[in-house]
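Engineer: Protein chains in written order, with the numbering used here: chain A, 1 to 95; chain B, 1001 to 1093; chain C, 2001 to 2209.
The beta-carbon is built from N, C-alpha and C at its ideal position, and this holds for glycine as well.
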Amino acid sequence: MERAAHDRGGWPTDAPIDRAEHELADWELLMDAIVGSLGRSGAMNVDELRRAIESMEPAAYDAASYYERWLFAAETILAEKGVLSPGELDRRMAR
Amino acid sequence: MSFTPGERVHVSSRAHNGHHRTPGYLKGKTGTVERVHDRFLNPETRAYGEDGTPAQRLYLVGFELGDLWPTYRGGAGDRLAADVFEHWLEPAP
Amino acid sequence: MSHDHHDHDHPHEHLTTADEPVVAARVRALEDLLLEKGVVERDELRQRIDWLVSRTPADGARLVARAWVDEDFKTRLLADARQAALELDVDPGPSPVVVALENTENVHHMVVCTLCSCYPRALLGPPPDWYKSLPYRSRAVSDPRGVLREFGLTLEDDVELRVVDSTADIRYLVVPRRPARTDELGEDALASLVTRDSMIGVAQPLTAA
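Laid out in structure tokens, this is it:
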């Protein structure tokens, strides 16, 4: 049975578990807070967050860091709902 | 249908292309109901803008690790439990 | 922690420090857009950040230490950990249900979220990177004893290992076994032995000095 990239239980791997830890960076804390706020207001619930993450291309999912996935999800869902217009965030980045 | 602790249950192996919280490694496996949790809003519909009602019963279902993995290296009594929604469970034969 | 720039009213460049990845600027740009649109509020973001950075395993450890010294509290903790936390003025977080799993002489619990990273962070602080990592999510359910050995924990063969995959709305907290020779210790001293990893189930608590 083919599995989606997030459905990881029992996925064959010899990779050791990297136990190095890092304190959450400012941008990660901010991303966490944005998602929490969107959840409270109903703009994006946790199931939509997860659904969007699960829609990532497998290679992109594997390569992304945890909060990069959250950013992808927030952009996806907010664009889907018209809260963000197409390319709006890119244009803001270019400003 | 609803289940009670101690009942043997089979996890459906049906295809489900959208968001759902039943892990692939449990699909098609048989386990035992350990706990009956509350009902929770259905993530499969909430993920697509619906309100998730009617809420679905959630069960903690236990499995023997030796049943889940043919080459399991561990204790014979080792178990795994996961929260599975009622609509993914069938009575085990 | 540099949140000062959020207090400015004028638009500002999305500078990142040399240490930050490019994604940081994108997150700040998203924040600015959402603030402008009124989708999020600055005060709420700040409160959420303050809450998250204030979460530590000390809260979970308090529940465990109390359970070690008070059998009745332990019974209540195992019946409804969320309610038991509130009893001690510990914030159990937004999860509607928190379940405490008791380790005994015969049973050792270990928690994972194979699908994402579900974790009782109100009680333990943000999850460590390894908990969210692909190898842990893969191997915790298929080779849990191998994972424990990597963490330096070898269970006896006759101890039943129970892995719990938190796939839905329930959050799980392991109550590790009280270490030997701790009868003389008070609750605070006991709490200091309860590590985050012992409440995830990949380690035992510290032993008494």
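#1: Skipping 5 residues on each side, what residues in its chain have a beta carbon closer than 7 Å to that of leucine 2115 of chain C?
#2: Count the C-beta pairs between the region 1027 to 1044 of chain B and the region 1056 to 1063 of chain B that are closer than 8 Å, then say yes if the count reaches three, no if not.
#3: Measure from the alpha carbon of valine 2098 of chain C to the alpha carbon of each residue in C:Pro2021, C:Ser2198, C:Asp2080 and C:Gly2152, then state which is nearest.
#4: DSSP three-state call for arginine 8 of chain A: helix, strand or coil?
#5: With distance defined between alpha-carbon atoms, name the residue in C:Ala2122, C:Asn2103, C:Gly2146 and C:Arg2062 nearest to serine 2054 of chain C.
#6: Would DSSP call arginine 1039 of chain B helix, strand or coil?
#7: Can you find the residues in the same chain that come closer than 7 Å, C-beta to C-beta, to tryptophan 982 of chain B, ignoring five residues on each side of it along the sequence?
#8: Comparing C-alpha positions only, which one of B:Arg1073, B:Ala1092, B:Gly1077 and B:Phe1085 sits nearest to asparagine 2106 of chain C?
#9: Confirm, please, whether the CB-CB distance from histidine 2108 of chain C to valine 2159 of chain C is below 8 Å.
#10: Is there at least one Cβ from chain A nearer than 8 Å to arginine 2026 of chain C's Cβ?
#11: Considering only their Cβ atoms, is the gap separating alanine 64 of chain A from methionine 44 of chain A smaller than 8 Å?
#12: At least one CB of chain C closer than 8 Å to the CB of glycine 1077 of chain B: is that the case?
#13: Enumerate in chain order the residues of its own chain whose CB-to-CB distance from histidine 1020 of chain B is below 6 Å, with the five nearest sequence positions on each side excluded.
#14: Just the C-alpha distance for serine 37 of chain A and leucine 2086 of chain C, rounded to the nearest angstrom, thanks.
#15: Would the beta-carbon of isoleucine 34 of chain A fall within 8 Å of that of glutamate 2031 of chain C?
#16: Going by DSSP, which residues form a beta bridge with glycine 1062 of chain B?
#17: Is the beta carbon of proline 2126 of chain C closer than 8 Å to that of leucine 2052 of chain C?
#18: For valine 2098 of chain C, does the three-state DSSP call read helix, strand or coil?
#19: If contact means a Cβ-Cβ distance below 9 Å, which residues of the region 1027 to 1054 of chain B contact chain A?
#20: Short check: CB of alanine 2029 of chain C to CB of leucine 2063 of chain C, under 8 Å?
#21: Give the DSSP-derived three-state secondary structure of isoleucine 2170 of chain C in the structure shown.
#22: Classify serine 85 of chain A as buried or exposed, calling it buried when 16 or more other Cβ atoms lie within 10 Å of its own Cβ.
#23: Are proline 2057 of chain C and arginine 2196 of chain C touching if we call contact CB-CB under 8 Å?
#24: Can you list, in chain order, the residues of its chain whose CB lies under 6 Å from that of threonine 1080 of chain B, leaving out five sequence neighbours each side?
#25: Ordered along the chain, which non-local residues of its own chain (more than five positions away) have a Cβ less than 6 Å from that of leucine 1041 of chain B?
#26: How big is the Cα-Cα spacing for leucine 2148 of chain C and valine 2202 of chain C?
#27: Within its chain, find whatever has a CB closer than 6 Å to the CB of glutamate 28 of chain A; leave out the 5 residues flanking it on each side and keep chain order.
#28: Taking only three categories from DSSP, how would you classify glutamine 1056 of chain B?
#29: Tryptophan 1088 of chain B CB to nearest chain C CB: under 8 Å?
#30: Please list, in chain order, all residues of the same chain as glutamate 2187 of chain C whose beta carbon is under 6 Å from its beta carbon, the five residues on each side excluded.
#31: Rounding to the nearest angstrom, what Cα-Cα distance links methionine 2001 of chain C and aspartate 2043 of chain C in this structure?
#32: Name the residues in the region 2166 to 2186 of chain C whose C-beta lies less than 9 Å from a C-beta of chain B; which are they?
#33: Report the residue from C:Asp2059, C:Ser2142 and C:Ala2024 whose alpha carbon sits nearest the alpha carbon of aspartate 1067 of chain B.
#34: Determine, using beta carbons only, whether tyrosine 1059 of chain B comes closer than 8 Å to chain A.
#35: Could you tell me which of C:Pro2094, C:Arg2139 and C:Arg2048 sits nearest to arginine 1094 of chain B, measuring between CA atoms?
#36: Taking the Cβ atom as the reference point for each residue, do leucine 2173 of chain C and glycine 2093 of chain C lie within a distance shorter than 8 Å?
Structural biologist: In terms of the structure at hand:
#1: Answer for leucine 2115 of chain C: Thr2167, listed in chain order.
#2: Contact between the region 1027 to 1044 of chain B and the region 1056 to 1063 of chain B is present: 3 or more CB-CB pairs across the two stretches fall below 8 Å.
#3: Ranking C:Pro2021, C:Ser2198, C:Asp2080 and C:Gly2152 by Cα distance to valine 2098 of chain C puts C:Asp2080 first.
#4: Of the three classes helix, strand and coil, the one that applies to arginine 8 of chain A here is coil, per DSSP.
#5: Of C:Ala2122, C:Asn2103, C:Gly2146 and C:Arg2062, the residue nearest in Cα terms is C:Ala2122.
#6: Correct three-state label for arginine 1039 of chain B: strand.
#7: Absent from the structure is residue 982 of chain B, since the part of chain B shown begins at 1001 and ends at 1093.
#8: Ranking the options by Cα distance to asparagine 2106 of chain C, first place goes to B:Gly1077.
#9: Yes. Within cutoff.
#10: So yes, arginine 2026 of chain C belongs to the interface.
#11: With respect to alanine 64 of chain A, methionine 44 of chain A sits apart: the two C-beta atoms are not nearer than 8 Å.
#12: Closer than 8 Å: yes.
#13: Correct list, in chain order: Glu1044.
#14: Distance between the alpha carbons of serine 37 of chain A and leucine 2086 of chain C: 24 Å.
#15: Taking 8 Å as the Cβ cut-off, isoleucine 34 of chain A and glutamate 2031 of chain C qualify as a contacting pair.
#16: As a beta-bridge residue in DSSP terms, glycine 1062 of chain B pairs with B:Thr1032 and B:Ala1081.
#17: Proline 2126 of chain C sits close to leucine 2052 of chain C, with the two beta carbons spaced by under 8 Å.
#18: Strand, per DSSP.
#19: Listed by position along the chain: Lys1027, Gly1028, Leu1041, Asn1042, Pro1043, Glu1044, Thr1045, Arg1046, Ala1047, Tyr1048, Gly1049 and Gly1052.
#20: No. Outside cutoff.
#21: Under the three-state reduction of DSSP, isoleucine 2170 of chain C is assigned to strand.
#22: When all chains shown are included, serine 85 of chain A counts as exposed.
#23: Result yes, Cβ atoms of proline 2057 of chain C and arginine 2196 of chain C sit closer than 8 Å.
#24: Correcting the residue identity first, residue 1080 of chain B is leucine in this sequence and not threonine. Excluding its 5 nearest sequence neighbours in each direction, leucine 1080 of chain B has C-beta neighbours in its own chain below 6 Å: Phe1063 and Leu1065, listed in chain order.
#25: If the five residues before and after leucine 1041 of chain B are omitted, its C-beta is found closer than 6 Å to the C-beta atoms of Gly1052 and Ala1055, all from its own chain and listed in chain order.
#26: Going by C-alpha positions, leucine 2148 of chain C is about 6 Å away from valine 2202 of chain C.
#27: Taken in chain order, the residues that qualify are Tyr67.
#28: Three-state result, glutamine 1056 of chain B: strand.
#29: Chain C contact via Cβ: absent.
#30: Result list for glutamate 2187 of chain C: Ala2065 and Val2069, in chain order.
#31: Interpretation of methionine 2001 of chain C is limited by its pLDDT of 43, a score under 50 that renders its predicted location unreliable; the figure taken from the coordinates is listed afterwards. Between methionine 2001 of chain C and aspartate 2043 of chain C, the C-alpha separation is close to 16 Å.
#32: Using a CB distance below 9 Å, the part of the region 2166 to 2186 of chain C facing chain B consists of Ser2166, Thr2167, Ala2168, Asp2169 and Ile2170, ordered along the chain.
#33: Out of C:Asp2059, C:Ser2142 and C:Ala2024, C:Ser2142 has the C-alpha closest to the C-alpha of aspartate 1067 of chain B.
#34: Not one chain A Cβ lies under 8 Å of tyrosine 1059 of chain B.
#35: The structure shown does not extend to residue 1094 of chain B, since chain B is modelled only from 1001 to 1093, so the question has no answer here.
#36: Result no, Cβ atoms of leucine 2173 of chain C and glycine 2093 of chain C do not sit closer than 8 Å.
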